[in-house]
Amino acid sequence: MRGEGPPPRAPAKHAHHSTRFNPKGAHVALYILRRVGITVLMVFLVVSAAFFLVALMPNDVTQTILGPDATPEARAQLRDEMGFNDPVLVRYVTFLGGLLTGDLGVSYLSQQSVTAQVLERLPVTLTLSMGGILLTTVLGIVLGILAANRGGWLDTIIRGAAGVMQAIPSFWLAVLLVLVFAVNLKLFPSSGWEPFAEDPAEFVRRITLPLISIGIAGTAAVARQARVAMIDVQGRDFMQTLRATGLPEWRIVWLHGLRNAAIPVLTVIGLQFVALFGSAVLIEQVFALPGVGKLVVDSVNLGDMPIVLGVVVALSIVILAMNLVIDILYGIINPKARLA
1 MRGEGPPPRA PAKHAHHSTR FNPKGAHVAL YILRRVGITV LMVFLVVSAA
51 FFLVALMPND VTQTILGPDA TPEARAQLRD EMGFNDPVLV RYVTFLGGLL
101 TGDLGVSYLS QQSVTAQVLE RLPVTLTLSM GGILLTTVLG IVLGILAANR
151 GGWLDTIIRG AAGVMQAIPS FWLAVLLVLV FAVNLKLFPS SGWEPFAEDP
201 AEFVRRITLP LISIGIAGTA AVARQARVAM IDVQGRDFMQ TLRATGLPEW
251 RIVWLHGLRN AAIPVLTVIG LQFVALFGSA VLIEQVFALP GVGKLVVDSV
301 NLGDMPIVLG VVVALSIVIL AMNLVIDILY GIINPKARLA
């Protein structure tokens, strides 16, 4: 008698984990695309507004170029050669076309590329601003967490110091630091710049006072917000649950607590980044740093508007790009923001 064969196999179920739709990932991607689109639109609007403001300003640079003895005919000919007589919309379209290829025009006075001059100075301003935001973020968060023990002696000291730090104008602080640490104590140089690649030690010496000047007020603002956010987080149920599990306090506070307190802190950091660029213009004047701040001030005084417009465009792109990064981080940390 022939034995019965094995039962027929059920059709294999093929798992398609790699092609399974991930709604969370799709929401993040859509959020990022939406923020990128808004940022591109903002860049266009800011650049356009800057162009028309500069184009409509009464500025006759021909006298600066030709000198006070130039005849009206010579000045009129130069205005025509420089395109001043072209309609504003024609100049605007020409400017946008150049901008798409990275061409910001030519300086009225030096006849050199605006793009080249801005790119030569921009690294100094970016280094100062990014160093300031790093100092503001790290020191502000640390001080805020240390002050989160409401009513403690650290809380009292840090809150008092933060109030003083926010009240001091960065320009006045820069002058004070130069007088004390550069002129009297001679611990740091009072002016000048040294690239990090050429001499790291001298770079640190020369950037220390400008960094302190530019970052003090922002550090105080971040510390205050971090303190409030951490006090709020520490009162939540999940923090008590984590403590009941026996996790070390430092891990509960610095990992779990800080992550949940990061959303309002990120908002303040984004605002401080914009403020730091404004402060950098003043700080570069005090310490004679060869950044775009000094470049734009000199260009305004000389009426070299292509340089002014080029600096505004470059800084606008950098600021909006940094805000885009912060918005993306905000959306990743806070899922509710992706639905807004």
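The letter at position 7 of the sequence shown is residue 7 when you use my numbering, and the numbering goes up by one with no holes. The C-beta atom is built at its ideal place from N, Cα and C for all residues, glycine as well. Quick caveat: nothing in here was measured; it's all calculated off a predicted structure.
With DSSP run on the structure shown, which of helix, strand or coil describes residue i?
i, result
"Val61", "coil"
"Ile328", "helix"
Give me, in chain order, the residues of the same chain whose beta-carbon lies closer than 6 Å to that of residue i; leave out the 5 immediate sequence neighbours on both sides.
i, result
"Gly218", "Thr136, Gln272"
"Leu320", "Thr39, Met42, Val43"
"Val178", "Ser190"
"Val47", "Val313"
Within its chain, find whatever has a CB closer than 7 Å to the CB of residue i; leave out the 5 residues flanking it on each side and keep chain order.
i, result
"Gly83", "Arg91"
"Pro290", "Arg121, Val124, Trp193"
"Asp103", "Thr115"
"Ile252", "Met239, Leu242, Arg243"
Can you tell which of the options has the C-alpha that lies nearest to the C-alpha of residue i?
i, options, result
"Glu249", "Ile145, Ser129, Val88", "Ile145"
"Gln341", "Leu187, Val175, Glu198, Val222", "Summary: the structure shown does not reach residue 341, with the chain confined to residues 1 through 340, and so no result is reported for it."
"Phe287", "Glu198, Phe171, Arg34", "Phe171"
"Asp232", "Val265, Leu209, Ile157", "Val265"
"Ser113", "Gly331, Ala29, Leu315, Ile307", "Ile307"
"Asn301", "Leu134, Thr64, Leu247", "Thr64"
"Ala182", "Pro210, Ile157, Phe196", "Pro210"
"Asn59", "Asp69, Leu45, Arg79, Ala70", "Arg79"
"Val274", "Ile157, Leu309, Ala49, Ile133", "Ile133"
"Ser316", "Gly278, Leu282, Met305, Ser299", "Gly278"
"Leu45", "Leu276, Glu284, Leu96", "Leu96"
Could you tell me the boundaries of the alpha helix (DSSP H) in which residue i lies?
i, result
"Met82", "It is not in any alpha helix (DSSP H) - Met82 carries neither H nor E in the DSSP assignment."
"Leu143", "114-146"
"Leu266", "258-286"
"Arg224", "200-234"
"Gln111", "Segment: none, Gln111 is in no alpha helix (DSSP H) and carries neither H nor E."
"Ala197", "Unbroken run through Ala197: none, as it is neither H nor E."
"Asp237", "237-244"
Taking its Cβ as the centre, do 16 or more other Cβ atoms sit within 10 Å of residue i, making it buried, or is it exposed?
i, result
"Ile141", "buried"
"Phe21", "Residue placement at Phe21 is poorly supported in this model, since its pLDDT is 47, which falls under 50; the coordinates still yield a value, given next. It counts as exposed."
"Val341", "Here the chain covers residues 1 to 340 and nothing more, so residue 341 does not appear."
"Arg236", "exposed"
"Ser110", "exposed"
Please go through the same chain and pick out, in chain order, the residues whose beta-carbon is closer than 8 Å to the beta-carbon of residue i, but skip the five residues on each side of it.
i, result
"Ile168", "Ile216, Ala217"
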